[in-house]
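Using the working numbering, the first residue of the sequence shown is number 19, and each one after it goes up by one.
Report on the structure given below.
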Amino acid sequence: MKIGICTDSGSGITPEEGRELGIKVVPMPFRMGEEEYFEDINMSREEFFQRLLSGELVSTSQPSMESVMEAWDELLTEYDEVVHIPLSSGLSGSTQTAIMLSQDEPYLGRVFVPDSRGVSVTQRMHCIFAKLLGEKGYNGKVIQDLLNHSTGENGIYIGVQNLSYLKRGGRITPMAAAIGTLLQIKPVLAINEGGKLDSYKKVRTEKQVREAIIEGLHQTLERLGDPEARDCHIAIAYTDNKEQAENFREQLKAEFPNRFEEEIVVRPLSLLISCHIGENGLGAAVIKRPKELN
């Protein structure tokens, strides 16, 4: 049985990388001014951050049902079944929409939608896991069940340098943003097991941001019973400062010398997430590899 894998741009997988990985990517729209844009289609990261830094407001939404069904229809001409892995249900309604669509003909029994609560690099790794599981002979329903049971088997931590974007997105109150800015607070956020952004720590320097992220990774690995990350992938996500992310990778290589893979993936956060984090956002994650792939 051939299993096709589909996701959305919340995974950070670009159309080009999707073609390389054999994963179909449905673009998620956002609006700036009166126009609708799609990441890496009619809006570059460079232009996005120029306009974000100028104070332009961004609103985001889930992909249209038509675009999701079009992607599934295309995959089902080549594959027997499709596993569709959307952005965490804690951050978007796209999961519930996709589950609803998959319950109707012609997708019933052919399209499977897990709610793995992934975002950015964790969502990306779930797509890669699903691809590998399909190649090992697992069908869509089994892959769906495995990903549904993996919701707590990862941890992602993100440092925020500028509180104004969280205020714009309604994540914190204007008063909290004003006080935090005055006190030079840089929050480190975590994606909790429900797939939602949550406060993890409040620090004041970029060095402390990195230290807090590393502390969070260690805590997650202890919880997973894998303190040296021997069975976990490590990945870094950033908004606009790739050099900062590459430097952080070297720090994590030294911190976790016995990790599962030599490579520590560095990927940009999708623009959908970046609009809430802002410039110089930096994060890292550990994602446990399914034992079925060992």
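Beta carbons: idealized from backbone N, C-alpha and C, even for Gly.
Candidates 151, 98, 147, of which the one nearest residue 126 by Cα: Position 108 of the sequence shown holds residue 126. That would be 98, whose Cα lies nearest to the Cα of residue 126.
Contact set for residue 94: own chain, Cβ-Cβ below 7 Å, skip 5 residues either direction: Reading the sequence shown from its first residue, position 76 is the one you call residue 94. The residues are 100, 128.
Alpha-carbon spacing of residue 252 relative to residue 39, whole angstroms: What you label residue 252 is simply residue 234 of the sequence shown in a count that begins at 1. What you label residue 39 is simply residue 21 of the sequence shown in a count that begins at 1. The alpha-carbon atoms of residue 252 and residue 39 are separated by roughly 18 Å.
Residues of its chain near residue 138, where Cβ-Cβ distance is below 8 Å and the 5 sequence neighbours each way are ignored: Locating residue 138 in the sequence shown gives position 120, where the first residue counts as 1. Correct list, in chain order: 28, 29, 30, 174, 255, 285, 287, 288, 291, 301, 303.
Per DSSP, the bridge partner or partners of residue 207: Taking the sequence shown and counting its residues from 1, the one referred to as residue 207 is at position 189. BP columns for residue 207 point to 176, 217.
Endpoints, beta strand (DSSP E) assigned at residue 289: Numbered from its first residue, the sequence shown carries residue 289 at position 271. Premise fails: residue 289 lies in the alpha helix (DSSP H), 289–295, not in any beta strand (DSSP E).
Residue 169, enclosing beta strand (DSSP E) - first and last residue: What you label residue 169 is simply residue 151 of the sequence shown in a count that begins at 1. Counting along the chain, residue 169 falls outside any beta strand (DSSP E), and DSSP gives it neither H nor E.
Pick from 25, 263, 280, 117 that is closest to residue 136, judged by C-alpha positions: Along the sequence shown, one-based indexing puts residue 136 at 118. Residue 136 has its Cα closest to that of 25, out of 25, 263, 280, 117.
Distance CB(residue 51)-CB(residue 74) smaller than 8 Å: Your numbering for residue 51 matches position 33 in the sequence shown. Your numbering for residue 74 matches position 56 in the sequence shown. Contact flag set, yes.
Proximity of residue 263 and residue 234 at Cβ, strictly below 8 Å: Walking along the sequence shown from the start, residue 263 turns up at place 245. Walking along the sequence shown from the start, residue 234 turns up at place 216. Result no, Cβ atoms of residue 263 and residue 234 do not sit closer than 8 Å.
Beta-carbon proximity list for residue 246, same chain, < 6 Å, skipping 5 on both sides: Against the sequence shown, residue 246 aligns to sequence position 228. Closer than 6 Å at Cβ, skipping near neighbours: 276.
Range covered by the alpha helix (DSSP H) that runs through residue 136: Position 118 of the sequence shown, counting from 1, holds the residue named residue 136. That residue, residue 136, is in no alpha helix (DSSP H); it is neither H nor E in DSSP.
Three-state secondary structure (DSSP) of residue 48: The residue you call residue 48 lines up with position 30 of the sequence shown. Reduced to three states, the DSSP call for residue 48 is strand.
Residue 82 - DSSP class collapsed to helix/strand/coil: Within the sequence shown, the letter at position 64 stands for residue 82. In this structure, residue 82 counts as coil in the three-state DSSP scheme.
Cα-Cα separation, residue 307 to residue 69: Numbered from its first residue, the sequence shown carries residue 307 at position 289. Numbered from its first residue, the sequence shown carries residue 69 at position 51. Distance between the alpha carbons of residue 307 and residue 69: 38 Å.
Whole-angstrom distance between residue 160 and residue 149, CA atom to CA atom: In the sequence shown, residue 149 corresponds to position 131, counting from 1. In the sequence shown, residue 160 corresponds to position 142, counting from 1. Roughly 13 Å separates the two Cα atoms.
Simplified DSSP state of residue 143, which is helix, strand or coil: Locating residue 143 in the sequence shown gives position 125, where the first residue counts as 1. If DSSP states are grouped into helix, strand and coil, residue 143 belongs with the helices.
Residue 102 versus 65, 147, 71, 76, residue with shortest Cα-Cα distance: The residue given as residue 102 occupies position 84 in the sequence shown. Out of 65, 147, 71, 76, 147 has the C-alpha closest to the C-alpha of residue 102.
Inter-residue CB distance, residue 45 and residue 23 (contact presumed, cutoff 8 Å): The count along the sequence shown starts at 1 and reaches residue 45 at position 27. The count along the sequence shown starts at 1 and reaches residue 23 at position 5. With 8 Å as the limit, residue 45 and residue 23 do not qualify as a contact, their Cβ atoms being about 16 Å apart.
Sub-8 Å separation of residue 132 and residue 165 beta-carbons: For the purposes of this step, residue 132 is taken as residue 114 along the sequence shown, with counting starting at 1. For the purposes of this step, residue 165 is taken as residue 147 along the sequence shown, with counting starting at 1. For residue 132 and residue 165, yes; Cβs fall inside 8 Å.
Of the listed residues 170, 42, 270, 156, nearest to residue 311 (C-alpha basis): Reading the sequence shown from its first residue, position 293 is the one you call residue 311. The shortest C-alpha separation from residue 311 is found at 156.
Beta-carbon spacing of residue 297, residue 67 below 8 Å: As a first step, residue 297 must be located in the sequence shown, where it is residue number 279. As a first step, residue 67 must be located in the sequence shown, where it is residue number 49. It is a contact, given that the beta carbons lie within the stated cut-off.
Residue 301 - DSSP class collapsed to helix/strand/coil: In the sequence shown, counting from the first residue as 1, residue 301 sits at position 283. DSSP places residue 301 in strand when its eight states are reduced to three.
Closest residue to residue 64 among 258, 278, 279, 294 (Cα-Cα distance): Here residue 64 refers to the residue found at position 46 of the sequence shown. The residue with the shortest Cα to Cα distance from residue 64 is 258.
Cβ separation of residue 152 and residue 295, assumed to be a contact under 8 Å, to the nearest whole Å: As a working note, residue 152 is residue 134 in the sequence shown. As a working note, residue 295 is residue 277 in the sequence shown. Not really, about 32 Å apart at Cβ, beyond 8 Å.
Proximity winner among 87, 112, 108, relative to residue 47 (alpha-carbon distances): What you label residue 47 is simply residue 29 of the sequence shown in a count that begins at 1. Of 87, 112, 108, the residue nearest in Cα terms is 112.
Assumed close pair residue 217, residue 169 - CB separation to whole angstroms, cut-off 8 Å: Start at 1 with the first residue of the sequence shown, and residue 217 comes out as number 199. Start at 1 with the first residue of the sequence shown, and residue 169 comes out as number 151. Not really, about 20 Å apart at Cβ, beyond 8 Å.
Reference residue 76, options 96, 272, 55, closest by Cα: As a working mapping, residue 76 is identified with position 58 in the sequence shown. Minimum Cα distance to residue 76 is reached at 55.
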